[in-house]
Amino acid sequence: MIGRIAAAALLFLAAGCAPAKPVDLSAAFAREDGGSILVEAAEGGDARAEADGRVYLVRGGREYVILSDAAGSFAARAEDYAALLAERAAAAKAGPSGEPDYDLNREDATDLIAGVRGTKWRVHPRHTPSLNSAQAVISTDPTLAPAARALALQARLTVAENSVGEGGPGKLARAMLALFDKGFVLRMGDALKLDRIDAGPIAAIRFELPGAPLGRDALRARLAASPAS
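Taking mature numbering (1 follows the signal peptide of the UniProt record, and there is no 0), I'd label the letters of the sequence shown as residues -20 to -1, 1 to 209.
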């Protein structure tokens, strides 16, 4: 793989230059809880994020999640999996959280994370702009758009999974997820930070599905029969 400095020179040209040609790239993130996320993107636009044994895949413009259970790995469309998580959240019948509304603000400042320049953003209670609830650094380099989509997919489904018992994502969680739609998140508070990014060939098999995606009813039945990981 190309080293970090060479990758940065290849992928992120100075302002005023022609856009960089798309290339295969991989980005490794460190998490505050000691875990990690690996994001890989192919020059053709397919991308994947892998975390905690799960794969969040963008292939041919469609979004999927790849899960596994005792019988092996299986794929589902992301919208079907999200719908089943929403069903479970609704069944939890959680009461109002009492959270305030939140706004996102783009700051007139940048930061350099693992050789990639990004703009600072913050989330704050709508009626208390001076109070920060979350901060992020985000790159809008178009070369990183496929990777950004895979990372956003991972974030969206993971938050949905983790908030089922609370009736779904709260207002702060939804505001933080909105940051992932602004571009490629390089840092999200202390929870997530880009550790390195490299350019180099990635095998096409990395972006393949383990089989035809399960339909929603088949997915519901399989998840009910054996918890997926």
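C-beta atoms are modelled at their ideal positions from N, C-alpha and C, and glycine is treated no differently.
Whose C-alpha, out of the options, is nearest the C-alpha of residue i?
i	options	result
Phe187	Gly41, Phe9 and Ser16	Gly41
Cys38	Ser209, Glu87, Ala158 and Ala125	Sequence inspection shows Val at residue 38; the Cys mentioned does not correspond to that position. Taking only the C-alpha atoms, the option nearest Val38 is Ala125.
Leu159	Ala128, Ala29, Leu189 and Val144	Ala128
Ala27	Ala204, Leu203 and Ala184	Ala184
Asp121	Tyr36, Glu67, Gly163 and Leu18	Gly163
Arg106	Tyr82, Arg202 and Glu87	Tyr82
Gly14	Glu20, Ala31 and Ala21	Ala31
Ala72	Arg154, Ser209, Ala153 and Asn142	Asn142
residue 212	Ser48, Asp60, Ala204 and Ala21	Outside the displayed range of the chain (-20 to 209) lies residue 212, so it cannot be described from this structure.
Arg191	Ser53, Glu87, Ala205 and Thr123	Reading off the sequence, residue 191 comes out as Gly, not Arg. The residue with the shortest Cα to Cα distance from Gly191 is Ser53.
Ala204	Leu65, Ile93, Arg34 and Ala21	Leu65
Leu18	Thr108, Leu131 and Ala153	Leu131
Ala201	Asp49, Lys100 and Gly25	Asp49
Gly25	Ile182, Lys173 and Ile93	Ile182
Gly206	Glu12, Ala51, Leu157 and Ala29	Looking at the sequence itself, residue 206 is Ser, so the reference to Gly does not match. The shortest Cα separation from Ser206 among Glu12, Ala51, Leu157 and Ala29 belongs to Ala51.
Glu20	Thr123, Lys100 and Ala153	Thr123
Short of 8 Å in beta carbon distance, which residues of its chain neighbour residue i, apart from the five on each side in sequence? Order them along the chain.
i	result
Ala62	Arg136, Leu137 and Ala140
His104	Tyr82, Asp83, Asn85, Ser110, Leu111, Asn112 and Ser113
Arg97	Phe(-9), Thr90, Asp91 and Ser119
Leu189	Leu37, Arg39, Tyr44, Ile46 and Ala55
Val144	Leu65, Arg68, Ala69 and Ala72
Leu172	Phe9, Ala10, Arg11, Glu12, Ile17 and Val165
Leu152	Glu79, Tyr82, Val103, Ser113 and Ala114
Gly33	Ser48 and Ser209
Asp161	Ala132
Among residues of its own chain, excluding the 5 on either side of residue i, which ones have a beta-carbon nearer than 6 Å to its beta-carbon?
i	result
Gly150	Ser77 and Glu79
Gly148	Ala69
Ala56	Val45, Pro193, Leu194 and Leu199
Val3	Glu23 and Ala179
Asn85	Arg102
Ala(-6)	Model confidence at Ala(-6) stands at a pLDDT of 35, short of 50, so the residue's coordinates are unreliable; what they give is reported in the following sentence. No residues qualify anywhere along the chain.
Thr208	Residue identity differs from the one stated: residue 208 is Ala in this sequence, not Thr. Only Leu47 and Asp49 meet the Cβ criterion.
Glu87	Lys100
Val35	Arg28 and Ile46
Go through its chain and collect everything with a Cβ distance to residue i's Cβ below 7 Å, but skip five positions before and after it.
i	result
Ala58	Glu43, Tyr44, Val45, Leu133 and Leu137
Ala74	Glu146 and Gly147
Ala155	Tyr82, Leu84 and Val103
Ile93	Val117, Leu166, Arg167, Lys173 and Leu174
List the DSSP bridge partners of residue i.
i	result
Leu97	With the sequence shown as reference, residue 97 is identified as Arg, and Leu is not the correct amino acid for it. Arg97 pairs with Leu92.
residue 210	The structure shown does not extend to residue 210, since the chain is modelled only from -20 to 209, so the question has no answer here.
Leu37	Arg28 and Tyr44
Arg202	None, per the DSSP bridge assignment.
Val3	Looking at the DSSP assignment, Val3 forms no beta bridge with any residue, so it has no partner.
Ala10	Ser16 and Lys173
Ser113	According to DSSP, Ser113 bridges with nothing at all.
Ala21	Leu5 and Ala27
Ser209	Partner(s): none; Ser209 has no beta bridge.
Is residue i near the ligand GDP - that is, is its Cβ less than 7 Å away from at least one heavy atom of it?
i	result
Asp60	The model depicted lacks the ligand GDP and carries no ligand whatsoever.
Query raised in the report: Quick one: complete beta strand (DSSP E) runs, 3+ long, within the stretch 124 to 195?
Result: 164 to 168 and 172 to 179
Query - Residue ranges of each beta strand (DSSP E) within the stretch 40 to 95, 3 or longer - result: You should have 42 to 49, 52 to 57 and 82 to 93.
Requested in this report: Count the CB pairs spanning the stretch 6 to 23 and the stretch 169 to 188 that are closer than 8 Å, and state whether there are at least three.
Outcome: yes
Query raised in the report: Would you call the stretch 107 to 121 and the stretch 164 to 171 touching, i.e. three or more CB-CB distances under 8 Å?
Result: yes
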